[in-house]
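Every number in the numbering used here is 149 more than the matching position in the sequence shown, counting from 1. Positions of the beta carbon are idealized from the N, C-alpha and C atoms, including for glycine. If you're wondering where the values come from, they're calculated on a predicted model, not measured in any experiment. Reading through the structure tokens given below for one structure.
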Amino acid sequence: MVPSAYVHIPFCDSICAYCDFVRIQKNESFFSSWKEKLIQEIQEYKISSLHTLYFGGGTPSLLSVDDFVSIRNCFPKDIEEFTVECNPESLDEDKLNAYVALGVNRISLGVQSFKDDLLKVCRRTHTASQAISVIENIKKSSISTFSIDLIFGLPNQTMEDVKKDISTFLSLDIPHLSIYSLQIEENSIFGKTGVESCDSDLEADMFEYITKTLEAAGYIHYEISSFCKPGHYSKHNLAYWQDKDFYGFGCGASGRINGIRYDNTTSLKEYCSNGPCPVYIDETLAERGMDAIMMALRTKFGLNIREWNLKYQSDFKEHYAQVLDKYREYFCFEGECIYLKDAGLEILNTILVDFMLIE
Ligand code: SF4
């Protein structure tokens, strides 16, 4: 059984300055054929049970409740964790209540910053006070858990700004935070207008401040970019990090079935005419094993060595002895698992490059 499904809703009201995801300003001429193809794509799998479902984007909260219902009804009724990504400007109380009635039990809210001038720089269309009022509404609703996204390393963002964002986050008593450092993507508005990346030392200081402050406040730093109160892990994201299969539905989605990854077309025009047109990624067993290591080492749960050895028909400790020795002070072994200490997570990419260099 494939335990998880991701549905990509590629529409946005406007385009944020840092974004290079597969998204398009909502366009009525494409919408009905997109919806028809999406429903067809999902129904072909006749899914009878699912552990986690995630509507991401784009901006899923832009969908009308009727459109949301017709996509949601392609999935089983009972789903342990059902997350919808929302933006503050498109999540009102009526929509929130409709989500609850449809089994949504987790919201991921794109806040990005609590400072209005930084939101403007990012071309976000909401204000900080709008985000706070949506957060209060979510807390009053019967949504059982939720997360917000914040970005750091934005143009002209100071350490003081980051401190204020984290202090506002803590004052709002939010169960989960996903935090991203700004990456200037070539195809984003920032990339095309020559915006430069934040100074790397300042960015590292910001990350260290965020990590220490949240841990001191009782949050668990369970994945490199994710913090939660006990019991509020993102089960859906854990499925990715723990090497599980997942369906990817919609234009721009990726999935993995029986260990084989695929990418659907990123062209809305092609999707609306011909459906998902998935391209299957031809990976050897060793390459899949490497993918599993890269994902698992992002988390505090690490990699289960015995399971990995069985699944990828190799001997992890023997095969990667050189890397394990080189970074021995950064690794921890516990039972059958290996994971990175905090200092190791700070140099995760460097360590992963060394793993990848092993044939
Ligand atoms: S960041 Fe999110 S809301 Fe903004 S353009 Fe990208 S997908 Fe749309």
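Review point. Closer than 7 angstroms: is that where the CB of G302 sits relative to any heavy atom of the ligand SF4?
Key: Counted from its first residue, the sequence shown places residue 302 at position 153. No, the ligand SF4 has no heavy atom inside 7 angstroms of this Cβ.
Check your understanding: With 16 as the cutoff for other CB atoms within 10 Å, does Y488 come out buried or exposed?
Key -> Locating residue 488 in the sequence shown gives position 339, where the first residue counts as 1. It is buried - the Cβ of Y488 has at least 16 other Cβ atoms within 10 Å.
Check your understanding: Ends of the beta strand (DSSP E) at V260?
Key -> For the purposes of this step, residue 260 is identified with residue 111 of the sequence shown, where counting begins at 1. Its beta strand (DSSP E) spans residues R255 to Q261.
Review point. Roughly how many angstroms lie between the CA atoms of N410 and E364, to the nearest whole one?
Key: By one-based count along the sequence shown, residue 410 stands at place 261. By one-based count along the sequence shown, residue 364 stands at place 215. For the record, residue 410 in the displayed sequence is Arg; it is not Asn. Distance between the alpha carbons of R410 and E364 is about 35 angstroms.
Check your understanding: Quick one: does the C-beta of E482 sit closer than 7 angstroms to a heavy atom of the ligand SF4?
Key -> Taking the sequence shown and counting its residues from 1, the one referred to as residue 482 is at position 333. Correcting the residue type first, residue 482 is Phe in the shown sequence and not Glu. No.
Review point. Cβ of G397 within 7 angstroms of any heavy atom in the ligand SF4?
Key: One-based indexing of the sequence shown puts residue 397 at position 248. Not under cutoff, so the answer is no.
**Study point:** C-alpha gap between D440 and H468, whole angstroms
**Key:** Numbered from 1 along the sequence shown, position 291 holds the residue referred to as residue 440. Numbered from 1 along the sequence shown, position 319 holds the residue referred to as residue 468. Near 15 angstroms, if we compare the C-alpha coordinates of H468 and D440.
**Study point:** Backbone CA spacing between T274 and I164 [nearest angstrom]
**Key:** Position 125 of the sequence shown holds residue 274. Position 15 of the sequence shown holds residue 164. If you take the alpha carbons of T274 and I164, they lie about 9 angstroms apart.
Check your understanding: From this set, G408, S182, C377 and S278, which residue's C-alpha is nearest T524's C-alpha?
Key -> In the structure as shown, the chain starts at 150 and stops at 508, and residue 524 therefore has no counterpart that could be examined.
Practice item. Just the C-alpha distance for G484 and K490, rounded to the nearest angstrom, thanks. Key: Looking up residue 484 in the sequence shown gives position 335. Looking up residue 490 in the sequence shown gives position 341. Roughly 15 angstroms between the two C-alpha positions.
Review point. Are S210 and L187 touching if we call contact CB-CB under 8 angstroms?
Key: Taking the sequence shown and counting its residues from 1, the one referred to as residue 210 is at position 61. Taking the sequence shown and counting its residues from 1, the one referred to as residue 187 is at position 38. The answer is no: Cβ separation not under 8 angstroms.
Check your understanding: Which residues bound the beta strand (DSSP E) around H468?
Key -> In the sequence shown, the residue the question calls residue 468 occupies position 319. Counting along the chain, H468 falls outside any beta strand (DSSP E), though it belongs to the alpha helix (DSSP H) covering F465 to H468.
Review point. Is I164 near the ligand SF4, with its Cβ less than 7 angstroms from a heavy atom?
Key: Here residue 164 refers to the residue found at position 15 when the sequence shown is read from its first residue. True, at least one ligand heavy atom lies under 7 angstroms from that Cβ.
Review point. From L245 to S463, what does the alpha carbon distance come to, in whole angstroms?
Key: Position 96 of the sequence shown holds residue 245. Position 314 of the sequence shown holds residue 463. So the two alpha carbons sit approximately 48 angstroms from each other.
Check your understanding: Taking Cβ positions, are G207 and I158 nearer each other than 8 angstroms?
Key -> Position 58 of the sequence shown, counting from 1, holds the residue named residue 207. Position 9 of the sequence shown, counting from 1, holds the residue named residue 158. Yes, the pair counts as a contact, with Cβ atoms nearer than the cut-off.
Point to revise | Under 8 angstroms between C-beta atoms of S374 and Y329 | key: Counting from one through the sequence shown, the residue named residue 374 turns up at place 225. Counting from one through the sequence shown, the residue named residue 329 turns up at place 180. For S374 and Y329, yes; Cβs fall inside 8 angstroms.
Review point. So what's T499 in DSSP terms, helix, strand or just coil?
Key: As a first step, residue 499 must be located in the sequence shown, where it is residue number 350. If DSSP states are grouped into helix, strand and coil, T499 belongs with the helices.
Review point. According to DSSP, which residues form a beta bridge with G205?
Key: Position 56 of the sequence shown, counted from the first residue, corresponds to residue 205. Bridge partners of G205: H157.
**Study point:** Selected residue, minimal CA-CA separation from Y429, among K378, M505 and I406
**Key:** For this step, residue 429 is matched to residue 280 along the sequence shown. It is I406 whose Cα lies nearest to the Cα of Y429.
Check your understanding: Where does D412 fall in DSSP's three states?
Key -> Position 263 of the sequence shown, counted from the start, is the residue given in the question as residue 412. Residue state, collapsed to three classes: strand.
**Study point:** Span of the alpha helix (DSSP H), counted from its first residue to its last, around I191
**Key:** The count along the sequence shown starts at 1 and reaches residue 191 at position 42. Note, I191: alpha helix (DSSP H), E177 to Q192.
Check your understanding: Which runs of the alpha helix (DSSP H), 4 residues or longer, sit entirely within the region 355-440?
Key -> 384-390 and 417-423
Practice item. Return the residue from the list N498, R477, C235 and Y248 that minimises the CA-CA distance to N222. Key: Within the sequence shown, numbered from 1, the residue matching residue 222 stands at position 73. Considering only alpha carbons, the answer is Y248.
Check your understanding: Can you name, in chain order, every residue of its own chain whose Cβ lies under 8 angstroms from the Cβ of P152, other than the five neighbours on each side?
Key -> Locating residue 152 in the sequence shown gives position 3, counting from the first residue. Cβ within range, chain order: L199, H200, T201, A388, K393, D394 and F395.
Review point. Once you ignore the five residues that flank S291 on each side, which residues in its own chain have a CB closer than 6 angstroms to its CB?
Key: Mapped onto the sequence shown, residue 291 falls at position 142. Once the five neighbours on either side are set aside, the close Cβ partners of S291 are V249.
Check your understanding: For E456, which residues of its own chain have a beta-carbon under 8 angstroms away from its beta-carbon, when the five flanking residues on both sides are left out?
Key -> In the sequence shown, counting from the first residue as 1, residue 456 sits at position 307. Excluding residues within five positions, the ones whose Cβ falls inside 8 angstroms are E485.
Check your understanding: Of the residues F160, S296 and K184, which one's Cα is nearest the Cα of Q174?
Key -> As a working note, residue 174 is residue 25 in the sequence shown. Residue F160 is the option with its Cα nearest to Q174.
Review point. In or out: Q306 buried (at least 16 other Cβ within 10 Å) or exposed?
Key: Sequence index remark: in the sequence shown, residue 306 carries index 157 (1-based). Classification for Q306: buried.
Review point. From N413, M505 and Y382, pick the residue whose C-alpha is nearest to that of I256; which is it?
Key: One-based indexing of the sequence shown puts residue 256 at position 107. Closest by alpha carbon: Y382.
Check your understanding: Would you say A366 and L326 are within 8 angstroms of each other, going by their C-beta atoms?
Key -> As a first step, residue 366 must be located in the sequence shown, where it is residue number 217. As a first step, residue 326 must be located in the sequence shown, where it is residue number 177. No.
Review point. Closer than 7 angstroms: is that where the CB of F170 sits relative to any heavy atom of the ligand SF4?
Key: Within the sequence shown, the letter at position 21 stands for residue 170. Yes, Cβ of F170 sits closer than 7 angstroms to a heavy atom of the ligand SF4.
Check your understanding: How is I173 classed by DSSP in three states: helix, strand or coil?
Key -> Sequence index remark: in the sequence shown, residue 173 carries index 24 (1-based). I173 falls in the strand class under three-state DSSP.
Review point. What do you get for V311, buried or exposed, if any count of 16 or more other CB atoms within 10 angstroms of its CB means buried?
Key: Along the sequence shown, read from residue 1 onward, the residue named residue 311 stands at position 162. Answer is buried; the Cβ neighbour count reaches 16.
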